[in-house]
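Chemist:
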Amino acid sequence: MTQRLNAFAASTQGNVATIVALLAPLLIFIMGSVVNLSTAHSAHSRLQSAADSAALAAARELYMANSRPEVLKSVAYSFAMTNLGNQAEGVSIDVKIGGRSDATAAESAISTEVTVTLNKDFGTSLPMPDLTGAIGALTASATARIAGGGRICMIGLTGEGKRAIDISGNAQVQAADCAVYSNSIDPSGLSVTKVAKLSSELACSSGGYDGIESNYEPLPLTDCPAVSDPLSSRIPPVPTKCDHKNQKISNNNQILWPGTYCGNLQVSGSKITLRPGTYIFWDAQVKLHKGTEITGDDVSLVFIGKTSSLDLKNDSSISLSAAKDGPMAGILIYADSEKDSGRSFKIESANARRMIGTIYLPHDELTIGGDKNADGKCDITAADDTADTGSPGCKSNVGEFSDWTALIADKITVTSGVKLVLNANYADSDVPVPAGVGPVGGNIALSK
Numbered sequence: 001m002t003q004r005l006n007a008f009a010a011s012t013q014g015n016v017a018t019i020v021a022l023l024a025p026l027l028i029f030i031m032g033s034v035v036n037l038s039t040a041h042s043a044h045s046r047l048q049s050a051a052d053s054a055a056l057a058a059a060r061e062l063y064m065a066n067s068r069p070e071v072l073k074s075v076a077y078s079f080a081m082t083n084l085g086n087q088a089e090g091v092s093i094d095v096k097i098g099g100r101s102d103a104t105a106a107e108s109a110i111s112t113e114v115t116v117t118l119n120k121d122f123g124t125s126l127p128m129p130d131l132t133g134a135i136g137a138l139t140a141s142a143t144a145r146i147a148g149g150g151r152i153c154m155i156g157l158t159g160e161g162k163r164a165i166d167i168s169g170n171a172q173v174q175a176a177d178c179a180v181y182s183n184s185i186d187p188s189g190l191s192v193t194k195v196a197k198l199s200s201e202l203a204c205s206s207g208g209y210d211g212i213e214s215n216y217e218p219l220p221l222t223d224c225p226a227v228s229d230p231l232s233s234r235i236p237p238v239p240t241k242c243d244h245k246n247q248k249i250s251n252n253n254q255i256l257w258p259g260t261y262c263g264n265l266q267v268s269g270s271k272i273t274l275r276p277g278t279y280i281f282w283d284a285q286v287k288l289h290k291g292t293e294i295t296g297d298d299v300s301l302v303f304i305g306k307t308s309s310l311d312l313k314n315d316s317s318i319s320l321s322a323a324k325d326g327p328m329a330g331i332l333i334y335a336d337s338e339k340d341s342g343r344s345f346k347i348e349s350a351n352a353r354r355m356i357g358t359i360y361l362p363h364d365e366l367t368i369g370g371d372k373n374a375d376g377k378c379d380i381t382a383a384d385d386t387a388d389t390g391s392p393g394c395k396s397n398v399g400e401f402s403d404w405t406a407l408i409a410d411k412i413t414v415t416s417g418v419k420l421v422l423n424a425n426y427a428d429s430d431v432p433v434p435a436g437v438g439p440v441g442g443n444i445a446l447s448k
């Protein structure tokens, strides 16, 4: 009996050994697959986290700085590689910029999404041989969306009347990276006529528009909600006394200092340098003509009183940037809220290519250029003399070399002969963009 039991045991052990031998490869395969899948899952989670952070960073860069696609890709790549750390080797990145598929017509023209896709060939990184070939490449994609945002660079604030924004003759307004809004509910609230052209990221009229398809790129949207005055809460400095009265500067190089200027400030044939600070013009009429050049950084020009005015003639040259801090931070030209004042603010300069900041005239008309009748000559007013005709053709060039410029006025008129460039390169400037101007109302979040 004992011999039979021993024989049976020996026979069973042999069968078990045989079974184990047969199952070993399968067990090794299963164990290896589990290890590989666990490793791949961990790697994919880290890849997805890197894609999420890269998409959010790129969207934030797009919203705040309006950066170029190559800059956005560089930002996304940097964030992804930092998050991946020692797992960054072999990772490729693709960045796409676009708008939401469910965007309204008013939103669809603006880039509001950044999608980042990361790819990694993971097969060679597995701890166990991938006998199935199922784990070869890992892909992680993330889309970050800017909700409710946009970049505004021109607003005609008046809620009624024709031509709240009026671009005529052969004027060219280039606002490729920002939006132009007319709040007037009039059917002709936005007007671009003759051979003038408005090129913008978005053009929106609370009423309608005048002009044909060739006057706009793209065509304006109509019946848009009015844009509220973004700077209505800004309170200008209150002057108490005049530091300078009735100055006339002719054929001289002179430095002007911050303070309160009253009466006339007429400058002809001179080079003027403005020291940093706030210049208050209290019932003052400022006129630059006859080849005057004016330069200044970190400055704000504030116009107070019913008789204040600004007239930069065609033969003047302007290079100014707005205050970097303080109550007037980001504002280059400010006019107080005097209603029915009949004041005049005109930039006719042939060379005003550098005007960084916001021009804010909430109850006044801003005129860019000096040839309203499009006859090829600068218009002469009663206050002008025969030497104020400027250069032949009355051509004006405004904003071309500015990092960013924003125009906010009751009405805005751009005449024949003008090239007005409204840039939105906020990241390139140390002048802050006021809240409500430039990028506004945006929340950035992952959408998928």
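Residues in the sequence shown are numbered consecutively from 1, following UniProt numbering. For every residue, glycine included, the Cβ atom is placed at its ideal position computed from N, Cα and C.
Which same chain residues end up closer than 6 Å to residue 436 when comparing Cβ atoms and leaving out the 5 residues on each side of it in sequence?
Modeler: As a first step, residue 436 is located in the sequence shown; it is residue number 436 there, counting from the start. Within the same chain, residue 436 has close Cβ partners 230.
Chemist: Which ranges does the beta strand (DSSP E) cover as unbroken runs of at least 3 residues, wholly within the region 316 to 369, from first to last along the chain?
Modeler: Whole beta strand (DSSP E) segments, 3+ residues: 317 to 322, 331 to 335, 345 to 347 and 351 to 368.
Chemist: For residue 210, count neighbouring Cβ atoms within 10 angstroms of its own Cβ and tell me buried if that reaches 16, exposed if not.
Modeler: Looking up residue 210 in the sequence shown gives position 210. Buried, by the Cβ-count rule.
Chemist: Assuming residue 321 contacts residue 356 under a Cβ cut-off of 8 Å, what Cβ separation, rounded to an integer in Å, is found between them?
Modeler: Residue 321 sits at position 321 when you count from the first residue of the sequence shown. Residue 356 sits at position 356 when you count from the first residue of the sequence shown. Between residue 356 and residue 321 the Cβ distance is about 4 Å, and since that is below 8 Å, they are a contact.
Chemist: So what does DSSP say about residue 259, is it helix, strand or coil?
Modeler: Stepping through the sequence shown from its first residue, residue 259 is reached at position 259. It is a strand residue.
Chemist: Let me make sure I understand the geometry here. Which of 300, 214, 208 and 188 has the alpha-carbon closest to that of residue 194?
Modeler: Sequence index remark: in the sequence shown, residue 194 carries index 194 (1-based). Taking only the C-alpha atoms, the option nearest residue 194 is 214.
Chemist: Look at the alpha carbon of residue 444 and the alpha carbon of residue 256, and state the distance between them as a whole number of angstroms.
Modeler: Taking the sequence shown and counting its residues from 1, one reaches residue 444 at position 444. Taking the sequence shown and counting its residues from 1, one reaches residue 256 at position 256. If I take the Cα positions, the gap works out to 44 Å.
Chemist: What distance in whole Å lies between the Cβ atoms of residue 80 and residue 118, which are believed to be in contact at a cut-off of 8 Å?
Modeler: The residue you call residue 118 lines up with position 118 of the sequence shown. The residue you call residue 80 lines up with position 80 of the sequence shown. Indeed, because the Cβ distance is near 6 Å, the residues count as touching under 8 Å.
Chemist: Can you grab the Cα-Cα spacing for the pair residue 464 / residue 295, in whole Å?
Modeler: The chain is shown only over 1 to 448; residue 464 falls outside these bounds and no answer can be derived.
Chemist: Whole-angstrom Cβ separation of residue 173 and residue 431, contact assumed at under 8 Å?
Modeler: The residue labelled residue 173 in the question sits at position 173 within the sequence shown. The residue labelled residue 431 in the question sits at position 431 within the sequence shown. The Cβ separation is near 21 Å, so there is no contact.
Chemist: Candidates 279, 56 and 151: which alpha carbon is nearest residue 178's?
Modeler: The residue you call residue 178 lines up with position 178 of the sequence shown. Nearest C-alpha to residue 178: 151.
Chemist: At 3 residues or longer, what runs of the beta strand (DSSP E) sit wholly inside the region 225 to 292?
Modeler: Entirely contained in the region 225 to 292, the beta strand (DSSP E) runs reaching 3 residues are, in chain order, 244 to 250, 253 to 256, 259 to 268, 271 to 274 and 277 to 289.
Chemist: In terms of residue numbering, what span does the alpha helix (DSSP H) encompassing residue 402 cover?
Modeler: The residue given as residue 402 occupies position 402 in the sequence shown. Counting along the chain, residue 402 falls outside any alpha helix (DSSP H), and DSSP gives it neither H nor E.
Chemist: Count the other CB atoms, across all protein chains shown, that sit within 10 Å of the CB of residue 157; report buried if there are 16 or more and exposed otherwise.
Modeler: Within the sequence shown, numbered from 1, the residue matching residue 157 stands at position 157. Buried.
Chemist: Need the endpoints of the beta strand (DSSP E) that residue 426 sits in, please.
Modeler: For the purposes of this step, residue 426 is taken as the residue at position 426 of the sequence shown. Element bounds for residue 426: n/a, residue is neither H nor E.
Chemist: Using only alpha-carbon positions, find the residue among 402, 243 and 292 that is nearest to residue 266.
Modeler: The sequence position of residue 266 within the sequence shown is 266, counting from 1. For the residues 402, 243 and 292, the minimum Cα distance to residue 266 belongs to 292.
Chemist: Mind checking which residues open and close the alpha helix (DSSP H) that includes residue 83?
Modeler: Working through the sequence shown from its first residue, we reach residue 83 at position 83. 69 to 84 is the extent of the alpha helix (DSSP H) around residue 83.
Chemist: In terms of residue numbering, what span does the beta strand (DSSP E) encompassing residue 178 cover?
Modeler: Residue numbering aside, residue 178 sits at position 178 when the sequence shown is read from its first letter. 172 to 182 is the extent of the beta strand (DSSP E) around residue 178.
Chemist: Let me know the secondary structure DSSP gives residue 119 once reduced to three states.
Modeler: The residue given as residue 119 occupies position 119 in the sequence shown. Note: residue 119 maps to strand in three-state DSSP.
Chemist: With distance defined between alpha-carbon atoms, name the residue in 234, 317 and 446 nearest to residue 434.
Modeler: Position 434 of the sequence shown, counted from the first residue, corresponds to residue 434. Cα-wise, what sits closest to residue 434 is 234.
Chemist: Between the Cα of residue 362 and the Cα atoms of 62, 299 and 334, which residue gives the shortest distance?
Modeler: By one-based count along the sequence shown, residue 362 stands at place 362. Here the closest residue by C-alpha is 334.
Chemist: Can you tell me whether DSSP reads residue 160 as helix, strand or coil?
Modeler: Along the sequence shown, one-based indexing puts residue 160 at 160. Residue 160 falls in the coil class under three-state DSSP.
Chemist: Nearest-angstrom Cα distance between residue 59 and residue 72?
Modeler: Position 59 of the sequence shown, counted from the start, is the residue given in the question as residue 59. Position 72 of the sequence shown, counted from the start, is the residue given in the question as residue 72. Cα to Cα, residue 59 sits roughly 8 Å from residue 72.
Chemist: How far does the beta strand (DSSP E) with residue 197 in it extend, from its first residue to its last?
Modeler: In the sequence shown, residue 197 corresponds to position 197, counting from 1. Where residue 197 is concerned, the enclosing beta strand (DSSP E) stretches over 197 to 205.
Chemist: Return the first residue and the last residue of the beta strand (DSSP E) that residue 309 is part of.
Modeler: Locating residue 309 in the sequence shown gives position 309, counting from the first residue. Here the beta strand (DSSP E) through residue 309 covers 309 to 312.
Chemist: Expressed to the nearest angstrom, what Euclidean distance is found between the alpha-carbon atoms of residue 86 and residue 113?
Modeler: The residue you call residue 86 lines up with position 86 of the sequence shown. The residue you call residue 113 lines up with position 113 of the sequence shown. Their backbone Cα atoms lie some 29 Å apart in a straight line.
Chemist: Grab me the residues of residue 303's own chain with a C-beta within less than 6 Å of its C-beta, minus the 5 sequence neighbours each way, in chain order.
Modeler: For the purposes of this step, residue 303 is taken as the residue at position 303 of the sequence shown. Contacts found: 281 and 335.
Chemist: For a test of the three-state rule: what should DSSP assign to residue 108, helix, strand or coil?
Modeler: For the purposes of this step, residue 108 is taken as residue 108 along the sequence shown, with counting starting at 1. Model confidence at residue 108 stands at a pLDDT of 47, short of 50, so the residue's coordinates are unreliable; what they give is reported in the following sentence. If DSSP states are grouped into helix, strand and coil, residue 108 belongs with the helices.
Chemist: Thinking just about the alpha-carbon of each residue, which of 285, 315 and 314 is nearest to the one in residue 306?
Modeler: For this step, residue 306 is matched to residue 306 along the sequence shown. Out of 285, 315 and 314, 285 has the C-alpha closest to the C-alpha of residue 306.
Chemist: Given residue 155, which residues of its chain have a CB within under 6 Å of its CB, disregarding the five upstream and five downstream residues?
Modeler: Locating residue 155 in the sequence shown gives position 155, counting from the first residue. 181, 227 and 408, listed in sequence order.
Chemist: Please report how far the alpha carbon of residue 78 lies from the alpha carbon of residue 142, in whole angstroms.
Modeler: Residue mapping note: residue 78 aligns to position 78 of the sequence shown, counting from 1. Residue mapping note: residue 142 aligns to position 142 of the sequence shown, counting from 1. Residue 78 and residue 142: Cα-Cα distance of roughly 15 Å.
Chemist: Among 186, 378 and 69, which has the Cα closest to the Cα of residue 311?
Modeler: Mapped onto the sequence shown, residue 311 falls at position 311. The candidate whose alpha carbon is nearest that of residue 311 is 378.
Chemist: Would you report the Cα separation of residue 43 and residue 184, rounded to the nearest angstrom?
Modeler: To locate residue 43, count along the sequence shown from 1; it is residue 43. To locate residue 184, count along the sequence shown from 1; it is residue 184. Residue 43 and residue 184: Cα-Cα distance of roughly 56 Å.
Chemist: Have a look at residue 270 and residue 297 and give me their C-alpha separation to the nearest angstrom.
Modeler: Taking the first residue of the sequence shown as position 1, residue 270 is located at position 270. Taking the first residue of the sequence shown as position 1, residue 297 is located at position 297. In a straight line, the C-alpha of residue 270 is about 18 Å away from that of residue 297.
Chemist: Would you report the Cα separation of residue 439 and residue 76, rounded to the nearest angstrom?
Modeler: Working through the sequence shown from its first residue, we reach residue 439 at position 439. Working through the sequence shown from its first residue, we reach residue 76 at position 76. Their Cα atoms are separated by approximately 20 Å.
Chemist: According to DSSP, is residue 422 helix, strand or coil?
Modeler: Looking up residue 422 in the sequence shown gives position 422. Residue 422: coil per DSSP, three-state reduction.
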